[in-house]
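So the protein sequences, as listed, match chains A and B.
Counted the way the working numbering counts, the first sequence spans residues 86 to 287.
Counted the way the working numbering counts, the second sequence spans residues 86 to 287.
Virtual Cβ for every residue (Gly too), placed ideally from N, Cα, C.
Data first, discussion second: the structure below is written as structure tokens.
There are 2 protein chains.
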Amino acid sequence: MSEVVGQFKPRPRGETRRRILNIAADWLQQRGYHGFSFAQIADELEIRSGAVHYHFRGKADLVEAVFARYREEFAWWCGQLPEGPRRSVDWVERFLDLEAKNIERGRVCPLGLAGVEFASLPAAACREAEALRDELRDWLTDTLHTGRANGELSFSAAPQDMAQLVMASAQGAIQLARLQSPGDFLKVRRALLASLGATAAH
Amino acid sequence: MSEVVGQFKPRPRGETRRRILNIAADWLQQRGYHGFSFAQIADELEIRSGAVHYHFRGKADLVEAVFARYREEFAWWCGQLPEGPRRSVDWVERFLDLEAKNIERGRVCPLGLAGVEFASLPAAACREAEALRDELRDWLTDTLHTGRANGELSFSAAPQDMAQLVMASAQGAIQLARLQSPGDFLKVRRALLASLGATAAH
DNA sequence: GTCTATAACGTGATAGAC
DNA sequence: GTCTATCACGTTATAGAC
Numbered sequence: 086m087s088e089v090v091g092q093f094k095p096r097p098r099g100e101t102r103r104r105i106l107n108i109a110a111d112w113l114q115q116r117g118y119h120g121f122s123f124a125q126i127a128d129e130l131e132i133r134s135g136a137v138h139y140h141f142r143g144k145a146d147l148v149e150a151v152f153a154r155y156r157e158e159f160a161w162w163c164g165q166l167p168e169g170p171r172r173s174v175d176w177v178e179r180f181l182d183l184e185a186k187n188i189e190r191g192r193v194c195p196l197g198l199a200g201v202e203f204a205s206l207p208a209a210a211c212r213e214a215e216a217l218r219d220e221l222r223d224w225l226t227d228t229l230h231t232g233r234a235n236g237e238l239s240f241s242a243a244p245q246d247m248a249q250l251v252m253a254s255a256q257g258a259i260q261l262a263r264l265q266s267p268g269d270f271l272k273v274r275r276a277l278l279a280s281l282g283a284t285a286a287h
Numbered sequence: 086m087s088e089v090v091g092q093f094k095p096r097p098r099g100e101t102r103r104r105i106l107n108i109a110a111d112w113l114q115q116r117g118y119h120g121f122s123f124a125q126i127a128d129e130l131e132i133r134s135g136a137v138h139y140h141f142r143g144k145a146d147l148v149e150a151v152f153a154r155y156r157e158e159f160a161w162w163c164g165q166l167p168e169g170p171r172r173s174v175d176w177v178e179r180f181l182d183l184e185a186k187n188i189e190r191g192r193v194c195p196l197g198l199a200g201v202e203f204a205s206l207p208a209a210a211c212r213e214a215e216a217l218r219d220e221l222r223d224w225l226t227d228t229l230h231t232g233r234a235n236g237e238l239s240f241s242a243a244p245q246d247m248a249q250l251v252m253a254s255a256q257g258a259i260q261l262a263r264l265q266s267p268g269d270f271l272k273v274r275r276a277l278l279a280s281l282g283a284t285a286a287h
């Protein structure tokens, strides 16, 4: 009918929604739930802040959707892991790499964020974060358990306790690294792999 | 001269300032820098929000002072540790107890908070947090190093790497515990002590 | 010296234009 | 269906009362 309708620039269907999610995830992991506003998201998209409410009813819904997407992304990530002779060691290292990627982008782990802001985060977002934590924990527990049974790994604690240690230290290490000390993640990574009885991949 | 001056209730000199610091520390560790306001502090003290600005020039100064006090408290805490036959193991356990105390009070570790909100925290507060991190790391490194030399502890990684692991996992564990899972800290504690080659004091 | 009243601004959210 | 104009509220900060 017409290529440009009214006074606003139309975008491909679903495109704006996807962009909002990306920008929100970025801000959320960089500055926390209360550290960004609809106006900032709207500025990046060159629209008014009210327009964001068309795609997401409120900030709570937006952040819930961001956390839900983290879960989808993690499920996808799990599915693309390669099998191999050092499966468990490789997978743990890849998990640590995945967490470390946050540092380059100036982000923290979403779970760390949720833990810190728990008391002021919308309940629905907390539920998503808890589900993500469970999924990470179960995946790690299974991976560590298998690795020890294989003889790839060697540690004395229970696999689930060790899984919690890996999760907690990874998210804590990212936070320490942000405090003007980017090398801190690597130190934790070394100590963690040594504690798991895994020699570095090279 | 007079027992009640004007229309406000006078408090002992320095008392209001101290109370503001206490309340701010509580809110800060419970909800983050952007998660509380001067009005909320003022409400608890039954004064107007503007009055807080008499004691602290702005929110940045207030939070800087809170972080500075964490450093003082840690220095005091270090000074009151008892010597003994299991000095290093005991000290590490006491450190973990100190961190765990945050959970009971609904707080996270100040360093975790600073790491998460780093990008939107006043620069002066970040400097204080970095100094606190250095002090914790140095104390832990020394304690772990001594413990391994004593034969109390047994681990293969470098003491400083291990110190970072202890710090990171403690603050991460507190955050995980907040996500409706209070037992998570204990799991990390067990895995950590096992990785340090220390048997639990029970 | 200590606090109250009020300003100036930024926030999430809504009603309605097109 | 998508976005703009605008609102009511909460925020930090300042000026000045006593």
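Distance, residue j Cα to residue i Cα
i, j, result
"VAL90 (chain A)", "ILE132 (chain A)", "Unreliable placement is indicated for VAL90 (chain A), whose pLDDT of 36 sits below 50; no coordinate value is reported for it."
"VAL201 (chain A)", "PHE121 (chain A)", "16 Å"
"SER134 (chain B)", "HIS230 (chain A)", "54 Å"
"GLU189 (chain A)", "PRO170 (chain B)", "44 Å"
"SER241 (chain B)", "LEU277 (chain A)", "10 Å"
"CYS257 (chain B)", "ALA204 (chain A)", "Residue identity check: residue 257 (chain B) is Gly in the sequence provided, not Cys. Cα to Cα, the separation comes out at about 16 Å."
"GLU213 (chain B)", "PHE123 (chain B)", "21 Å"
"LEU221 (chain B)", "GLY99 (chain A)", "48 Å"
"ALA199 (chain B)", "VAL193 (chain A)", "11 Å"
"PHE294 (chain B)", "ARG103 (chain A)", "A query on residue 294 (chain B) cannot be resolved here, the shown segment of chain B reaching from 86 to 287 and no further."
"PHE141 (chain A)", "MET252 (chain B)", "38 Å"
"ALA283 (chain B)", "GLU178 (chain B)", "10 Å"
Extent of the continuous alpha helix (DSSP H) run through residue i
i, result
"GLY200 (chain A)", "195-202"
"GLN115 (chain B)", "100-116"
"SER134 (chain B)", "134-140"
"PRO244 (chain A)", "244-263"
"ARG190 (chain A)", "Looking at the DSSP string, ARG190 (chain A) is not in any alpha helix (DSSP H), and its letter there is neither H nor E."
"LEU166 (chain A)", "Per DSSP, LEU166 (chain A) belongs to no alpha helix (DSSP H) and is neither H nor E."
"ALA276 (chain B)", "269-280"
"GLU220 (chain B)", "208-235"
"ALA127 (chain A)", "123-130"
When the options are compared against residue i, the one with the closest alpha-carbon
i, options, result
"GLY268 (chain B)", "A:GLU184, A:GLN125, A:LEU250, A:ARG142", "A:LEU250"
"ASP246 (chain A)", "B:ASP182, B:ARG274, B:TRP224", "B:ARG274"
"LEU281 (chain B)", "B:GLN260, B:ALA243, B:GLN114", "B:ALA243"
"VAL174 (chain B)", "B:GLN260, B:ARG233, B:ALA145", "B:ARG233"
"ALA209 (chain A)", "A:TYR155, A:ALA145, A:LEU271, A:GLN125", "A:ALA145"
"TRP176 (chain B)", "B:ARG263, B:ARG104, B:GLY117, B:ASP227", "B:ASP227"
"TRP112 (chain B)", "B:ALA253, B:GLY197, B:VAL137, B:GLY191", "B:GLY191"
"CYS116 (chain B)", "A:HIS119, A:ALA110, A:GLN260", "The sequence given here places Arg at residue 116 (chain B); Cys does not occur at that position. Checked all of A:HIS119, A:ALA110, A:GLN260; the closest Cα to ARG116 (chain B) is A:HIS119."
"ARG172 (chain B)", "B:ASN107, B:LEU106, B:ILE108, B:LEU225", "B:LEU225"
"ARG154 (chain B)", "B:ASP223, B:ASN107, B:ALA283", "B:ASN107"
Per-residue burial, residue i [other beta carbons within 10 Å of its own, 16 or more giving buried]
i, result
"GLU237 (chain B)", "buried"
"GLU129 (chain B)", "exposed"
"GLU158 (chain B)", "exposed"
"ASP182 (chain A)", "exposed"
"LYS186 (chain B)", "exposed"
"CYS211 (chain B)", "buried"
"SER239 (chain B)", "exposed"
"ILE105 (chain B)", "buried"
"GLU168 (chain B)", "exposed"
Residue i CB to nearest heavy atom of the ligand HEM below 7 Å
i, result
"PHE121 (chain B)", "With respect to the ligand HEM, the structure offers nothing, as it holds no ligand at all."
Rounded distance between the beta-carbons of residue j and residue i, thought under 8 Å
i, j, result
"LEU264 (chain B)", "GLU215 (chain A)", "5 Å"
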